[in-house]
Amino acid sequence: MSIILLDIGNVIVDVDFQRFCRSVARDRASGAARIFERYCTSELKNRFDRGLVAPSDYLGLIAGDADTRSMSPGELKTAWQDIFIPKPEAGDAVRRLRENHTLWIMSDTDPLHVTFLFNRCQELKLAERYWFSFEHGHLKREKEAFQQVLAAAGRPAGEFILIDDRQDNCRCAETCGIRTILFRNWPEALERLKDL
């Protein structure tokens, strides 16, 4: 029985940051593009995902941005959180994983997204353990993220399998001795798991 380190974004749910950007931008085209660049793919976002920026401070930066329309803090928070679309086949796939493996969730994310996802995505509650970047300070493209998991588990890397949609995360896990499945869709991932 392996321990599956299961990503969330684009594995259990699809992620649409553009939905957030369009909903908060004064200008739905150029303004949304600038908001996306500043808050969804930047080093600032990486710092937020590492737990180095508080949620209220992060939302405050977005609220104070000249490209952001006037919104209440609650509206802005809801817009930031409401970017996930459940993958229809994920629930059944996650239950199938649990039949033969130990399931841990490992995700690069922030506390606002985790709170929202736990309220909306029952599949997350099927895991035995959770490794969120904002709690542990490292993203999965950093070896330290996987080294922390291995040290805390006290088990050899060969017992773990990462299922993730990002090639850089998979490469990093492999440098730590963890087997990986680059996620494209659930039927393929479950078939590849049989081969491992």
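Quick note: the sequence shown uses this note's numbering, first residue 767, plus one each step. C-beta: ideal position from N, C-alpha, C; glycine also. Every value quoted in this text rests on a predicted model; they were computed, and no experiment measured them.
Outcome for residue i when other beta-carbon atoms lying within 10 angstroms are tallied against a minimum of 16
i, result
"A791", "buried"
"A911", "buried"
"D773", "buried"
"K891", "exposed"
"A795", "exposed"
"D815", "buried"
"K909", "exposed"
"F926", "buried"
"I851", "exposed"
"A893", "buried"
"K906", "buried"
"G775", "buried"
"L928", "buried"
"G797", "buried"
Own chain residues within Cβ distance below 6 Å of residue i, not counting five before or after
i, result
"V777", "D931, F949"
"F882", "Q847"
"L842", "L825, A829"
Residue i, enclosing alpha helix (DSSP H) - first and last residue
i, result
"P922", "It is not in any alpha helix (DSSP H) - P922 carries neither H nor E in the DSSP assignment."
DSSP-derived helix/strand/coil call for residue i
i, result
"V819", "coil"
"A795", "coil"
"A868", "Checking the sequence shown, residue 868 turns out to be Thr, not Ala. In the structure shown, T868 sits in a strand (DSSP, three-state: E or B)."
"D858", "helix"
"V781", "strand"
"G775", "strand"
"S789", "helix"
"D874", "coil"
"R907", "coil"
"T881", "helix"
"F850", "strand"
"T844", "helix"
Same chain only: Cβ atoms within 7 Å of residue i, ignoring 5 sequence neighbours per side
i, result
"S789", "A845"
"E889", "I778, A856, G857, V860"
"G903", "R816, G817"
Span of the beta strand (DSSP E), counted from its first residue to its last, around residue i
i, result
"R895", "895 to 898"
"L962", "Careful: L962 lies outside any beta strand (DSSP E) and carries neither H nor E."
"R937", "Run containing R937: none in the beta strand (DSSP E); it sits in the alpha helix (DSSP H), 933 to 941."
"I944", "Run containing I944: none; DSSP gives neither H nor E here."
Same chain only: Cβ atoms within 8 Å of residue i, ignoring 5 sequence neighbours per side
i, result
"A799", "C787"
"K853", "V777, I778, V779, D780, W952"
Cutoff 8 Å: residue i Cβ touching any chain B Cβ
i, result
"R800", "Included in the structure is just one protein chain, with no chain B present."
Check: residue i C-beta below 7 Å from any heavy atom of the ligand MG
i, result
"C936", "Here there are no bound small molecules, and the ligand MG is not part of this structure."
Tell me whether the region 890 to 903 and the region 867 to 874 touch, counting them as touching only if at least three CB pairs, one residue from each stretch, are closer than 8 Å. yes
Touching or not, the region 914 to 923 and the region 940 to 956, by the rule of three or more beta carbon pairs under 8 Å? yes
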